[in-house]
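**Q** Chains as they are written, first to last, in my numbering: chain A, 1 to 782; chain B, 1001 to 1202.
Before I ask anything, let me first share the structure, which is written out below as C-alpha cells.
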C-alpha cells in the first residue's frame, strides 16, 4: 500500500552528482525508472518547457539536457504503458533528477485518487454497472446513439419510427433515467417519448451504464439508472494529430463523417486541446417491403475543449453544439381515430413515396449547446476539490403538416411548437480518503432552469422557471474482501409555471418538492473468482412538466392527454442482489432486482372521450399509483478456445401495478441473445481480426393492460447480426475498418416499444461500413 | 516547428471564436410572460344552410344548423344543433366552415373551394335514417372525370315508404384531403373534419 501511494505521489528524488565538474554549459541529468522495480526505462521521452528538444533516455534510463538556464522548469515524461508524469521543478546546475514512472496496468493515474482496491475514488457506487470502451464503441457505431446502448444488458430502446430512439433501463425511460455527458446532466425536453438524446454519437469514447437508483450521486430522476458518456481524453503527447472516422449504412443510405483534431503545444506542455466536427445525413429508412417515407435526418455537430494544468490545479473547459433536422414518418401523422384505425388495418403505410433524402413536414429541428468549466484542485493524495459549472441551451422546434386548405399561408414554415430550455448547473464536490479503508465524496450544488414556449399551437408544456439545490455525502469502506458504502442526499426544488388561460391572462402555478435519498450496499469477495453484492437504494423525481400541465391532442398518438398539477413526487426503493464469477474459462454474472415506485405517474384512460371537430378522441389523464418492476439479468461468457468466445445474455422484466397486480403498459418484452466472437492477432498487415455473430430473440409481450392500447403487442421476433473487422498498423497508430450487417435475414417485424408500430414494420437488412483513420500532423522526435 | 505553438494558438483561437459565436444563440425571451398563441387556422364552426327546392321563398322551410367548438380540442363541450328536416321534401343545402378564433372570421369553406381538387366531403346518414334521408353532392371539381366536392348538397327526404315520421338518427360529415395520393371517391387517410349532427325528420 505504501509503495503504491509513494509511486502515485509523483516523487522526485534529488541526488547531487558525484563529481561536480565545472562545466561551461549548464546541464541536468534525468534518470527514469520503474516505480516498483527501480529498473531503468529506455526510450522514455522527456520534455522541458524551456528547452526546444525532446530527449529519449538511453539503456541506463538516462537523458541529459544541456544549455539550460537556471530556474523553474515544467518537466513531462512519457513512456508507453506508463502514466505520463508532469511536474514543476527548480533546477540547479549539475543536478540529477530521478523520475519514478507508474505502470498503467498496475496503478491508476497520479491525478486520480484511488481507494485501497485501486479503483478511482470517484467511482463510488457498488451498484451493477457495465462499461463500453472506445474500441467496442467503434465496432458498434450504427444508426444512432441507441445502437451503442442496445448491447448493454438491461437496456432496450423506445423508438419513434426507424431513427429516433431513446434508452430504456429496466423498463424505465425519459424522466426516469439520467444521461450524463462529460459530467453534464443532459437537459433537453426529455419527457417526450419522441425526443431523442441530443448527443453526437461520434464523440463518445466511453460509455458506462449504472443500473438501479443512483439518486444519491446523480440527483433526482435516476430511478431506473444512469448512462454516463465521456468523450476522448485530452492528448498528453506533444504534437498535433487526430482521426477521421466515418460510417456508411445501406438501409437509409446514411453517411456519417467525423474529424477530430487534438494537440498539446511543445512550448506549453501543460496545455491540451481538441476539437471535433461531425456531419451525418440519411434518407428514408426501408423495411424489407417498402420505404418508410420522410424518415431521413441531417445532423451537424461540433465541439471543442481545452485543459490546462498548473501545479495542483486543472482547468477544463468544453463546449459543444448539436444541430439536427429529423423527419417524422409522414404516414404516422394522423388526423383522428378513424385515420388511425384505417392506418392500422392497412398492411403497409398509407403514404409512401420513392426513397429520398429530402425531409418534408412533419419534422423536428433540434439545437443543443453545452458549455462547461471544471476546476479541479488536488490538495494531496487524499483530498481533491472539484468545481463544475455548466450551461445548456436546448431549442426544439416541431413542424407540423399545417392545414390542408391553406398551404400558402406559411403555416408549415413556422413551428407548431418551439421550446427553448436553458439550464445552468453548478456543483462543488470534495473527494476524500480518510484512512486506508475509508473514502468518500461529498458535495453541494445549485441549478437553474427556464423554459420558454412558442409556436403556432398552444404549447404542450408551459413556460417555467425551476431552481434547485442539493447536498450529498457518500462514504465507502473497503477492507480485505469486504466493501460497503452508504450515502445520503437532500434535494430541494421549486418551480413556477406561467401560462395563459382562455381569456389570455397569465396564470402562475408554484410547486416545491423536497426529498432525501439513501443508499446502502456491500460487496463480498467469496474467493478470488466469486463475488456477491447486495444494495438498497432510494430515489425520487418531481413530476415532469407535461405530467403536470399538458392539455391537448398528442400528435400521432390520436389521444387527448390531460395533466394534473397536483401530482406528487415519485419515490422508489430499489433492491438488488447479484453474483459474479470469473475464471479463465468462464464469466457468469447474475442479478435480481426489485424496484418499487411509489406514486408512479402514468396515463389512465378516462371514460369521457374528447369530442372535437376532427372527431372523437380517447382521453387519458395523468394519475398516480404504486408500481413494481422486478427482473433478472443474466450474462455468461465461455472461452471455447483462446480465439473464440461464446456469450449469452438474458433478461426478464415483470412490471405491474403494486396493488391490483395489473400489468403496466409499454414495458419492453423479455429477450435473450447469444453471440459468438472470433478474434485473431492477424498478419503483419491485417491485425486484430474479429468476426462476431449475434442472434437476438425478443419475446412477445404477453403482459399488457387489456383494452387500453389500440393494438395488442406484436409477436416475437428473431434477428441475426454479423460484424467483422481488422486493423492496419501505420507507424504507431492503426487504421481500423469494420463491416456489419444488421437484420441479416431481412425479417419483417414490429417492436412493441416503437411508437410507430401501428403504422410500419421495422427496418430491413442494413449493411454497414465503418472506418477510422488516425493521423499525426506534428510529432516531436528527439 | 518553430511557429508551431503560435500557429496552433492562432487556429485554436479562430476556431473557438467561431464556435462561441455559432454556439451561443441569443435567446432572451422572458419566461414569466408566456406568449399569446396565435394559433394556425382551424375549423371551429360548421353550418348547414338550406331551403326547400319546392318553394325557395318559403322561410318556414329555411334552416340553419350549427356544430361549433370555438375553444379548440378539449375545454368546454361543443355546441351541436339538431338538423330538423321535414319529410317529403328536397332541400338545397350549402355547407359553411368558419374559423371564429380569427378576427374577422375566416371562411374556411372558401379556401376548400379553392382546393377542391384535393378535398372531398363524405356524408353518411346512420342506419336508422339511411333510407329516409338521401344526401347528394351537387358540386364537382376540375379533375377528369370530375369528382364530387361536397360544399353544395341536396338533402332528399321524399322516400317516406315504410315509416311514419318523426324519425331520429345521425348524419356524419367527414372532410378528407388527398396529399400525395390521387383523389378518389374513397375517403383518404387524412381527415380534416369528422363531426356528427343529430337528425330529426318530421
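For every residue, glycine included, the Cβ atom is placed at its ideal position computed from N, Cα and C.
#1: Compare the Cα-Cα distances from residue 260/A to each of 252/A, 232/A, 266/A and 280/A and report the closest residue.
#2: Using a Cβ cut-off of 8 angstroms, which residues of the region 1075-1108 of chain B contact any Cβ in chain A, in chain order?
#3: Would you check if there are 3 or more beta carbon pairs closer than 8 angstroms linking the region 457-466 of chain A to the region 531-549 of chain A?
#4: How would you write the range of the beta strand (DSSP E) that residue 319/A sits in, first residue to last?
#5: Distance, Cα to Cα, residue 510/A vs residue 565/A?
#6: Can the beta-carbon of residue 692/A be found less than 8 angstroms from the beta-carbon of residue 723/A?
#7: Could you work out which residues of chain B lie near residue 551/A, taking near to mean beta carbons separated by less than 8 angstroms?
#8: From residue 158/A to residue 754/A, what distance separates their C-alpha atoms?
#9: Do residue 101/A and residue 41/A have their C-beta atoms within less than 8 angstroms of each other?
#10: For residue 163/A versus residue 770/A, is the C-beta spacing smaller than 8 angstroms?
#11: List, in chain order, every chain B residue whose beta-carbon is nearer than 7 angstroms to that of residue 758/A.
#12: At a CB distance below 8 angstroms, what residues from the region 1163-1183 of chain B approach chain A? Give them in sequence order.
#13: How about residue 509/A: is its C-beta nearer than 8 angstroms to some C-beta of chain B?
#14: The alpha helix (DSSP H) that contains residue 155/A, what's its start and end?
#15: Step through the CB atoms of chain B and report whether any lies within less than 8 angstroms of the CB of residue 225/A.
#16: Using 8 angstroms as the limit for Cβ to Cβ distance, is residue 339/A near chain B?
#17: Under three-state DSSP, which class holds residue 395/A?
#18: Could you say which of 501/A, 204/A, 266/A and 472/A lies nearest to residue 778/A if we only look at CA atoms?
#19: With DSSP as the reference, label residue 1115/B as helix, strand or coil.
#20: What is the C-beta distance between residue 498/A and residue 489/A, in whole angstroms, given that I count them as a contact (C-beta under 8 angstroms)?
#21: Would you say residue 1192/B faces chain A, with C-beta separation under 8 angstroms as the test?
#22: Just grab the DSSP bridge partners of residue 663/A for me.
#23: Under the assumption that residue 481/A contacts residue 424/A (Cβ atoms under 8 angstroms), give the Cβ distance between them as a whole number of angstroms.
#24: On the three-state DSSP scale, how would you describe residue 804/A?
#25: Could you tell me which residues DSSP pairs with residue 1141/B in its beta bridges?
#26: Is residue 1029/B close to chain A? Criterion is C-beta to C-beta, closer than 8 angstroms.
#27: If I follow the unbroken alpha helix (DSSP H) through residue 546/A, where does it start and stop?
#28: Taking buried to mean at least 16 other C-beta atoms within 10 Å of its own C-beta, is residue 418/A buried or exposed?
#29: Answer yes or no: do residue 487/A and residue 291/A have a C-beta to C-beta separation smaller than 8 angstroms?
#30: Please classify residue 216/A: does DSSP put it in a helix, a strand, or coil?
#31: Flag this pair as touching only if the region 699-718 of chain A and the region 735-744 of chain A have three or more C-beta atom pairs under 8 angstroms; answer yes or no.
#32: Once you ignore the five residues that flank residue 1196/B on each side, which residues in its own chain have a CB closer than 6 angstroms to its CB?
#33: Could you please give the first and the last residue of the uninterrupted alpha helix (DSSP H) stretch that includes residue 343/A?
#34: With a threshold of 6 angstroms on Cβ separation, who are the neighbours of residue 727/A within its own chain once the five nearest residues in sequence on each side are excluded?
#35: With a threshold of 8 angstroms between beta-carbons, can residue 1185/B be considered close to chain A, or not?
#36: Which residues of chain B have a Cβ atom closer than 7 angstroms to the Cβ of residue 612/A, listed in chain order?
**A** Taking the definition as stated:
#1: Residue mapping note: residue 260/A aligns to position 260 of the first chain, counting from 1. Nearest option by C-alpha distance: 232/A.
#2: 1075, 1077, 1078 and 1108
#3: yes
#4: Residue numbering aside, residue 319/A sits at position 319 when the first chain is read from its first letter. Residues 313-327.
#5: Locating residue 510/A in the first chain gives position 510, counting from the first residue. Locating residue 565/A in the first chain gives position 565, counting from the first residue. Cα-Cα distance, rounded: 10 angstroms.
#6: To locate residue 692/A, count along the first chain from 1; it is residue 692. To locate residue 723/A, count along the first chain from 1; it is residue 723. For residue 692/A and residue 723/A, yes; Cβs fall inside 8 angstroms.
#7: The residue you call residue 551/A lines up with position 551 of the first chain. Within chain B, the residues near residue 551/A are 1074.
#8: Start at 1 with the first residue of the first chain, and residue 158/A comes out as number 158. Start at 1 with the first residue of the first chain, and residue 754/A comes out as number 754. Looking at the two C-alpha atoms, the distance is approximately 6 angstroms.
#9: In the first chain, residue 101/A corresponds to position 101, counting from 1. In the first chain, residue 41/A corresponds to position 41, counting from 1. For residue 101/A and residue 41/A, yes; Cβs fall inside 8 angstroms.
#10: Translated into positions along the first chain, residue 163/A becomes position 163. Translated into positions along the first chain, residue 770/A becomes position 770. Taking 8 angstroms as the Cβ cut-off, residue 163/A and residue 770/A do not qualify as a contacting pair.
#11: Stepping through the first chain from its first residue, residue 758/A is reached at position 758. Within 7 angstroms Cβ-Cβ: nothing; residue 758/A doesn't reach chain B, min ~12 angstroms.
#12: 1174, 1177, 1179, 1180 and 1181
#13: Along the first chain, one-based indexing puts residue 509/A at 509. No - not a single Cβ of chain B is within 8 angstroms of the one on residue 509/A.
#14: The residue given as residue 155/A occupies position 155 in the first chain. Unbroken run through residue 155/A is the beta strand (DSSP E), 155-160; no alpha helix (DSSP H).
#15: Residue 225/A sits at position 225 when you count from the first residue of the first chain. No, no contact with chain B.
#16: Taking the first residue of the first chain as 1, we reach residue 339/A at position 339. So, interface residue.
#17: Looking up residue 395/A in the first chain gives position 395. If DSSP states are grouped into helix, strand and coil, residue 395/A belongs with the strands.
#18: Position 778 of the first chain, counted from the first residue, corresponds to residue 778/A. Residue 266/A is the option with its Cα nearest to residue 778/A.
#19: As a working note, residue 1115/B is residue 115 in the second chain. Residue state, collapsed to three classes: coil.
#20: Residue numbering aside, residue 498/A sits at position 498 when the first chain is read from its first letter. Residue numbering aside, residue 489/A sits at position 489 when the first chain is read from its first letter. Not confirmed; about 29 angstroms, so no contact.
#21: Numbered from its first residue, the second chain carries residue 1192/B at position 192. Chain A, which has a Cβ nearer than 8 angstroms to the Cβ of residue 1192/B, makes this yes.
#22: Within the first chain, residue 663/A is the residue found at index 663, counting from 1. Answer by DSSP bridge pairing, in chain order: 656/A.
#23: Indexing the first chain from 1 puts residue 481/A at position 481. Indexing the first chain from 1 puts residue 424/A at position 424. About 44 angstroms; that fails the 8 angstroms criterion.
#24: Nothing about residue 804/A can be read from this structure; chain A reaches only from 1 to 782.
#25: Locating residue 1141/B in the second chain gives position 141, where the first residue counts as 1. Paired residues: none, contrary to the question.
#26: Here residue 1029/B refers to the residue found at position 29 of the second chain. Output row for residue 1029/B: interface = yes.
#27: Within the first chain, the letter at position 546 stands for residue 546/A. Where residue 546/A is concerned, the enclosing alpha helix (DSSP H) stretches over 545-549.
#28: For the purposes of this step, residue 418/A is identified with residue 418 of the first chain, where counting begins at 1. Buried, because 16 or more other Cβ atoms sit within 10 Å of the Cβ of residue 418/A.
#29: Position 487 of the first chain holds residue 487/A. Position 291 of the first chain holds residue 291/A. In this structure, residue 291/A does not lie closer than 8 angstroms to residue 487/A by Cβ.
#30: Counting from one through the first chain, the residue named residue 216/A turns up at place 216. The answer is helix: DSSP assigns residue 216/A an H, G or I state.
#31: no
#32: Your numbering for residue 1196/B matches position 196 in the second chain. 1170 and 1172.
#33: Translated into positions along the first chain, residue 343/A becomes position 343. Per DSSP, residue 343/A belongs to the alpha helix (DSSP H) from 337-345.
#34: Counting from 1 along the first chain, the entry for residue 727/A is found at position 727. Same-chain partners within the cutoff: 687, 688, 734 and 736.
#35: For the purposes of this step, residue 1185/B is identified with residue 185 of the second chain, where counting begins at 1. So no, residue 1185/B is outside the interface.
#36: Numbered from 1 along the first chain, position 612 holds the residue referred to as residue 612/A. Residues of chain B passing the Cβ test: 1069 and 1073.
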